[in-house]
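Note sheet for the following structure.
In full-length UniProt numbering, the protein residues as written are 1 to 209.
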């Protein structure tokens, strides 16, 4: 990186969900020692998945406009404050493996066929609701986004875990029902797929001021 620029911004997954931020800080100290004159900043996105991607994209766009490292970091921080992430899980069984919920909650959820809706707030995963079917879960996701963005232009990333057809249908719904300035469809990472399970659908979004 130092051969191309003297300024580096590293955006990581929430420090409360992974050791990546701490590892990046160690790497920053070592790199700065070995590459004098190179300025490196590590930014905790306080989120995950495509929401983290929007934070990184805001930084990249600011850099492309010729802004300096402090201004690029500020653009990322501003995006961090407004981007939102919600996910609808088809089952609670898999998220138990990640340690996010106790075993008894996983067992009760499986028996009752509860399908949880998760969000990330202040860097941590939180339950924000439940649904009894995939159809109602999708409707809840859309209602959450509608309540937060209204008619304003919105940037959206639709995510899925091995559920491409369902992801495409959700993307089509959003395209027809919202004022989309930007609309992406992408897969969850393998780690997220393992933690949340096949069939998980998610939305990362932010509205324009």
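Cβ coordinates follow ideal geometry from the N, Cα and C atoms, glycine included.
Bear in mind the structure is a predicted one, so any value in this text is a computation, not a measurement.
Going by DSSP, what residues sit across from residue i in a beta bridge?
i           : result
residue 159 : 186, 202
residue 7   : 39
residue 115 : 131
Determine the contact status of residue i and residue j, defining contact as a CB-CB distance below 8 Å.
i           : j           : result
residue 201 : residue 151 : no
residue 43  : residue 9   : yes
residue 161 : residue 198 : yes
residue 181 : residue 153 : yes
residue 148 : residue 84  : yes
residue 59  : residue 11  : yes
residue 192 : residue 49  : yes
DSSP state of residue i, grouped into three classes?
i           : result
residue 258 : Residue 258 lies beyond the residue range present for the chain, which begins at 1 and ends at 209; the question has no answer from this structure.
residue 120 : strand
residue 197 : coil
residue 129 : strand
residue 209 : coil
residue 84  : strand
residue 154 : strand
residue 167 : helix
residue 145 : helix
What ranges does the beta strand (DSSP E) occupy inside the region 11-72, keeping only unbroken runs of at least 3 residues that lie completely in it? Every beta strand (DSSP E) stretch that sits fully inside the region 11-72 and reaches 3 residues is listed by chain position as 39-44.
Is there contact here, the region 181-194 with the region 67-79, by at least three beta-carbon pairs under 8 Å? Contact between the region 181-194 and the region 67-79 is absent: fewer than three C-beta pairs spanning the two stretches fall below 8 Å.
Evaluate contact between the region 126-139 and the region 152-162, counting only Cβ atoms and requiring at least three cross-stretch pairs below 8 Å. No, they do not touch.
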